[in-house]
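Worksheet: the structure to be examined is printed underneath.
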Amino acid sequence: MRGEYKVPGGKLVAVDLEEVDGRLAGVSVSGDFFLEPDEALGDINAALTGMPVDAGVEQLAGAVTGALTDDVSLIGFTAESIGIAIRRALGKATGWDDHAFDVIPARVLDPAVHVALDEVIAHEVAAGRRPPTLRFWDWDSPLVVIGSFQSVRNEVDPEGAHRHGIDVVRRVSGGGAMFMEPGNTITYSLVVPTSLVEGLSFERSYSFLDEWVIEALADVGVAAHFVPLNDIASDRGKIGGAAQKRFVSGAVLHHVTMAYDIDADKMLEVLRIGREKMSDKGTKSANKRVDPMRSQTGMTRDAILESFAASFARRYRSAGSDYTAAELEAAQRLVDEKFATQEWTHRVP
1 MRGEYKVPGG KLVAVDLEEV DGRLAGVSVS GDFFLEPDEA LGDINAALTG MPVDAGVEQL
61 AGAVTGALTD DVSLIGFTAE SIGIAIRRAL GKATGWDDHA FDVIPARVLD PAVHVALDEV
121 IAHEVAAGRR PPTLRFWDWD SPLVVIGSFQ SVRNEVDPEG AHRHGIDVVR RVSGGGAMFM
181 EPGNTITYSL VVPTSLVEGL SFERSYSFLD EWVIEALADV GVAAHFVPLN DIASDRGKIG
241 GAAQKRFVSG AVLHHVTMAY DIDADKMLEV LRIGREKMSD KGTKSANKRV DPMRSQTGMT
301 RDAILESFAA SFARRYRSAG SDYTAAELEA AQRLVDEKFA TQEWTHRVP
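Numbering (UniProt numbering), first residue to last: 1 to 349.
Right, here's the structure in full:
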């Protein structure tokens with residue numbers, strides 16, 4: 001059996017092995033990484049041989065590090081990356097090429113329904129009723145979407161929100177507030193099985209799941225890079241941010257919002273935290289910070305969405321799809337029973 005794992009920003013790690021009586025046998029690690037001294041490769045293989053086949057990435061990585069002396073240098077790879085490659089060889093972890101993705105183009109819905117669809121699609125993917133799915137958002141009314149752990153009163157100015165007719169909905173993932181008016185951001189959700197991020201910490205999985213969009217941004221003329229923990233930026237500043245939720249049922253939700261052309265004055269009247277961020281950076285003109293996708297690409301929002309979908313399709317096996325009637329009905333029920341309730345929205349006052 002063979003498993004491979006490409007370290008984000010690093011090298012490829014491959015592991016060939018056999019399974020004998022529930023144990024790893026014939027373990028052979030290889031790749032285009034660097035390792036000093038050379039003899040340490042034999043120590044790594046020996047440490048992994050005999051490990052139980054149900055050992056997790058952490059346990060496998062511990063066996064590797066425990067067998068190495070302080071003078072050994074792993075360059076371009078880590079003990080964890082070896083563990084991930086082993087889990088892939090055993091079929092416990094998966095890579096991008098192991099999946100075929102559904103891609104749902106931007107469909108205009110109530111923005112609260114999109115928030116609920118994040119949960120619905122995640123459960124469908126976890127249950128195997130839908131393949132991993134990339135879906136783009138479009139919406140017909142303004143909304144502030146706050147992170148799962150944010151305080152409503154600290155984030156949102158109620159007078160400003162009321163004046164502009166903007167409601168507040170709490171999403172299931174953490175992170176910061178999303179100021180959403182029709183056409184002002186580019187937002188998508190990617191839902192994958194947990195096996196795709198097997199062995200990756202939350203921090204590492206952000207950059208791993210954002211790899212494709214860095215390439216997609218290059219396709220529209222934006223030289224972007226990932227900024228830990230969860231930001232995407234160019235040399236002209238922040239473009240957007242990501243948020244994530246791992247469901248115990250076996251799926252990971254990863255969504256990204258990028259500013260296309262936000263009304264900065266209105267945003268600052270509605271979001272309290274926006275004022276603090278602006279003052280912290282000494283920014284006099286907020287508009288310079290919230291239209292990066294429009295100003296840096298010169299493209300319409302629809303054209304960018306189409307280009308992003310095409311970039312994803314070139315990189316991974318995928319097919320066009322749409323929401324089922326059952327998914328939309330389930331999402332609306334969640335809006336009525338959860339996301340539109342005071343109990344959920346104000347669970348962190």
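Virtual Cβ for every residue (Gly too), placed ideally from N, Cα, C.
For D138, the enclosing beta strand (DSSP E) begins and ends at 133–139.
Secondary structure note for V115: its alpha helix (DSSP H) is the uninterrupted segment 111–127. Contact between the region 319–331 and the region 115–125 is established, with three or more Cβ pairs separated by less than 8 Å.
For S148 and Q342, the gap between their C-alpha atoms comes out near 14 Å.
Contact annotation: N230 and Y260 have beta-carbon atoms that are not nearer than 8 Å.
CA-to-CA, the gap between P8 and D98 works out to about 18 Å. Counting only runs that start and end inside the region 49–92, the beta strand (DSSP E) elements of at least 3 residues fall at 73–75. Sequence-distant Cβ neighbours of A319 in its own chain, meaning closer than 8 Å and more than five residues away, are A100, F101, D102, V103. G199 and F312 have their C-alpha atoms some 24 Å from each other. Annotated three-state conformation of I262 is coil, per DSSP.
Per DSSP, D16 is one residue of the beta strand (DSSP E) stretching across 12–20.
Judged by DSSP secondary structure, V172 falls outside any beta strand (DSSP E); it is assigned neither H nor E. Rounded to the nearest angstrom, the gap between the Cα atoms of T257 and P132 is 19 Å. For P193, the number of other beta carbons within 10 angstroms of its own is at least 16, and it is reported as buried. G42 carries a helical assignment under DSSP once its states are collapsed to helix, strand and coil. Take the alpha-carbon of L271 and the one of A85: they are about 44 Å apart.
DSSP, reduced to helix, strand and coil, places V248 outside both helices and strands of the structure shown, so it counts as coil. Taking D263 as reference, the option from V108, H164, F136, T345 with the minimal CA-CA separation is H164. Contact annotation, I232 with D210: C-beta distance approximately 6 Å; criterion of less than 8 Å satisfied. Beta-bridge partners assigned by DSSP to V227: D231. Here DSSP, grouped into helix, strand and coil, assigns P292 to helix. Exclusion of the five residues before and after G221 leaves T297 as the residues of its chain whose Cβ lies within less than 6 Å of its Cβ. Inter-segment contact for the region 63–80 and the region 7–23 is present: three or more beta-carbon pairs are separated by less than 8 Å. Here Y188 is bridged, per DSSP, to F136, V256. Sequence-distant partners of G66 (beyond 5 residues in either direction) whose C-beta falls short of 8 Å from its own C-beta, in its chain, are A47. With the rule of 3 Cβ pairs closer than 8 Å, the region 173–189 does not count as touching the region 53–73. If you draw a straight line from the Cα of A127 to the Cα of Y316, it is about 22 Å long.
Per DSSP, the continuous alpha helix (DSSP H) segment holding R163 begins and ends at 158–163. In the three-state DSSP reduction, M267 falls in the helix class (H, G or I).
Between G237 and P292, the gap from beta carbon to beta carbon is short of 8 Å. In the assembly as shown, D157 is a buried residue. Its beta-carbon has 16 or more other beta-carbons within 10 Å. Annotation for S249: A122, H123, A126, A127 place their beta carbon closer than 8 Å to its own, counting only its chain and skipping 5 residues before and after. Annotation: the continuous alpha helix (DSSP H) that includes V152 extends over 152–155. Counting the other Cβ atoms within 10 Å of the Cβ of P111 gives 16 or more, which makes it buried. The beta carbon of A93 is closer than 7 Å to those of I84, R87, S195, E198, G199 in its chain, skipping five residues each way along the sequence. As the crow flies, the alpha-carbon of D71 is around 25 Å from that of Y5.
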